[in-house]
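Visitor: I'd like to ask you about the structure that follows.
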Amino acid sequence: MDILMQIFPGIFTLFDDPLVGAVRVALIVLGFVLALYGFKGKLEPLIMVPMGLGMIAVNAGVLFLGDGSTGTLIIDPLVSETDDLMQAIQVNFLQPIYNFTFSNNLIACLVFMGIGARSELSFLLARPWTCIIIAIFAEMGTFITLSLGVNLFGLDPAQAASVAIIGGADGPMVLFGTLMMAPEMFVSVSIIAYLYLSLTYAGYPYIIKALVPKKYRGLDVEFDMPQVSSKSKFIFIVVVCLILCLLLPVAAPLMLSFFLGMAVKEAKILPYQELFEGVITSISSMFLGLVLGTLCEASTILNPVVGVVLILGIVALAISAVGGLLGGWVVYLFDKRRGKTFNPVVGIAGVSCMPTTTKLAQHAAEEENPFAIIIPIAMGCNISGVIVSAIAAGVFVATISLVL
857 MDILMQIFPG IFTLFDDPLV GAVRVALIVL GFVLALYGFK GKLEPLIMVP MGLGMIAVNA
917 GVLFLGDGST GTLIIDPLVS ETDDLMQAIQ VNFLQPIYNF TFSNNLIACL VFMGIGARSE
977 LSFLLARPWT CIIIAIFAEM GTFITLSLGV NLFGLDPAQA ASVAIIGGAD GPMVLFGTLM
1037 MAPEMFVSVS IIAYLYLSLT YAGYPYIIKA LVPKKYRGLD VEFDMPQVSS KSKFIFIVVV
1097 CLILCLLLPV AAPLMLSFFL GMAVKEAKIL PYQELFEGVI TSISSMFLGL VLGTLCEAST
1157 ILNPVVGVVL ILGIVALAIS AVGGLLGGWV VYLFDKRRGK TFNPVVGIAG VSCMPTTTKL
1217 AQHAAEEENP FAIIIPIAMG CNISGVIVSA IAAGVFVATI SLVL
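The sequence shown begins at 857 in the working numbering and counts up one residue at a time.
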């Protein structure tokens, strides 16, 4: 039997602790489902395929270690002592990636560079106040969840703020905010955030249909695309980056990364633009999904805080969707008084899950009116949502120490 345990430790460790073994099996099944749905395109394949395979590998590849405990040769997110960390980096497959790109927020900044390089500023400038108002309304879930986390679930303000950022529906922002405010919750919050963000494509259409009657979903949007030169847009990008970094220095890494991507696009530096949109986005997305998948092991799921994060995370995303659509209705009523038309569905794009919510808005409009084109203004709201969620996270990080 001892020989079999040494040859097939992955199987025998399943029986070492029945509860942990059952959770491992469940996570293996979940990993298979995520990878399969990513393959079919029902979930975001760039994240879900590596994440699903990572979950399968980390829960199947458990072995007996020299000290009699169990573990893997993939990653140990809890190691902190210098000697143990150096040994883990030399042994564990993904330990260097985790410590050198996740622990210092580099992975979040790389993703933001790619987002910035794919963002078209003209859509935001077409109706800036509309985009800003909707984006602010779409942060409703963040602030309500912060209050619920502190007052209802007993989290301290830093922990509640880390979970509340899920409401912004911006994955890199969740990584950044959690590491800055509640690093002890990084693993559970990050995993749940990305799992939930992958499900927005399935859940948000029902919220849209519940809050926007059919006759309004097919409305077209009136707007004039301003003729703004690349020089003016470039100066705007530089000035906004300066102002936001000056006001929120703690969020400067993310601001710099996002606006650098936008600046490269407007400056037409094609080698950098191709690098940001292609190589950097692809590599960072792949390692993001893979590392998050390998962090999703049984011990993480059995942590009691996971249940709280599960509840607050879905509440935050749902309320943010409602808030964004409420902002869409506010703009609709304001435009109606001026004799213009506006589609309230655009409000869902204020939730900064880019470009998912933009696609959802356009799809909801097309279902009722194949000729409705709302994607330009929706993309503007999406870009504004990214900026507003970054500001909200920066404010949380900068002020949370004042209430601790």
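Note that beta-carbon positions come from the ideal geometry of N, C-alpha and C, so glycine has one too.
This structure is a prediction, so every number in the text was calculated from the model and none was measured.
Using C-beta distances below 8 Å, list every residue in its chain close to G1134, excluding the 5 sequence neighbours before and after it, in chain order.
Guide: Counting only Cβ-Cβ distances below 8 Å, and skipping sequence neighbours, we find nothing.
Visitor: Would you mind giving the Cβ-Cβ distance between Q946 and D932, rounded to the nearest angstrom? I have them listed as a contact below 8 Å.
Guide: Not a contact, Cβ separation roughly 12 Å.
Visitor: Output the boundary residues of the alpha helix (DSSP H) element that contains G997.
Guide: Its alpha helix (DSSP H) spans residues M996 to N1007.
Visitor: Could you say which of F958, E1078 and I912 lies nearest to V1042 if we only look at CA atoms?
Guide: The displayed chain sequence assigns Phe, not Val, to residue 1042. Out of F958, E1078 and I912, F958 has the C-alpha closest to the C-alpha of F1042.
Visitor: Reducing DSSP to helix, strand and coil, say where L934 ends up.
Guide: If DSSP states are grouped into helix, strand and coil, L934 belongs with coil.
Visitor: From W985 to T1001, what does the alpha carbon distance come to, in whole angstroms?
Guide: Going from the Cα of W985 to the Cα of T1001 covers about 26 Å.
Visitor: On the DSSP bridge assignment, give the partners of L919 in chain order.
Guide: In the DSSP output, where bridge partners are listed per residue, L919 has G927.
Visitor: Roughly how many angstroms lie between the CA atoms of S1140 and C1237, to the nearest whole one?
Guide: One C-alpha to the other measures close to 25 Å.
Visitor: Within 10 angstroms of the Cβ of E1078, are there 16 or more other Cβ atoms? Answer buried if so, exposed if not.
Guide: E1078 should be labelled exposed.
Visitor: May I ask which residues mark the beginning and end of the alpha helix (DSSP H) holding F888?
Guide: Per DSSP, F888 belongs to the alpha helix (DSSP H) from P874 to K896.
Visitor: Would you call the region 1203-1217 in contact with the region 1011-1027, where contact means no fewer than 3 C-beta pairs closer than 8 Å?
Guide: Cβ pair count under 8 Å is three or more, so yes.
Visitor: Along the alpha helix (DSSP H) that carries G1024, what are the first and last residues, could you check?
Guide: No alpha helix (DSSP H) contains G1024, which DSSP labels as neither H nor E.
Visitor: Quick one: measure Cβ to Cβ for I1064 and V1187, integer angstroms, because I've assumed they're closer than 8 Å.
Guide: With 8 Å as the limit, I1064 and V1187 do not qualify as a contact, their Cβ atoms being about 15 Å apart.
Visitor: Would you mind working out which of D1076, V935 and S978 sits nearest M1235, comparing C-alpha positions?
Guide: Ranking D1076, V935 and S978 by Cα distance to M1235 puts S978 first.
Visitor: In this structure, does DSSP put M904 in helix, strand or coil?
Guide: Correct three-state label for M904: helix.
Visitor: Confirm, please, whether the CB-CB distance from Y1050 to L1158 is below 8 Å.
Guide: No, they are not a contact pair.
Visitor: Going by the beta-carbon positions, is the gap between P1028 and V967 smaller than 8 Å?
Guide: Yes, Cβ-Cβ distance for P1028 and V967 is below 8 Å.
Visitor: How would you call F1032, buried or exposed, if buried means at least 16 neighbouring beta carbons within 10 angstroms?
Guide: F1032 is buried by the Cβ-count criterion.
Visitor: Identify whether N1199 lies in helix, strand or coil by the three-state DSSP scheme.
Guide: In this structure, N1199 counts as coil in the three-state DSSP scheme.
Visitor: On a Cα-Cα basis, can you pick out the residue from A1066, L934 and T1213 that is closest to S1054?
Guide: Considering only alpha carbons, the answer is T1213.
Visitor: Please determine, among G1169, N955 and Y1060, the residue with the shortest C-alpha to C-alpha distance to S936.
Guide: Nearest option by C-alpha distance: N955.
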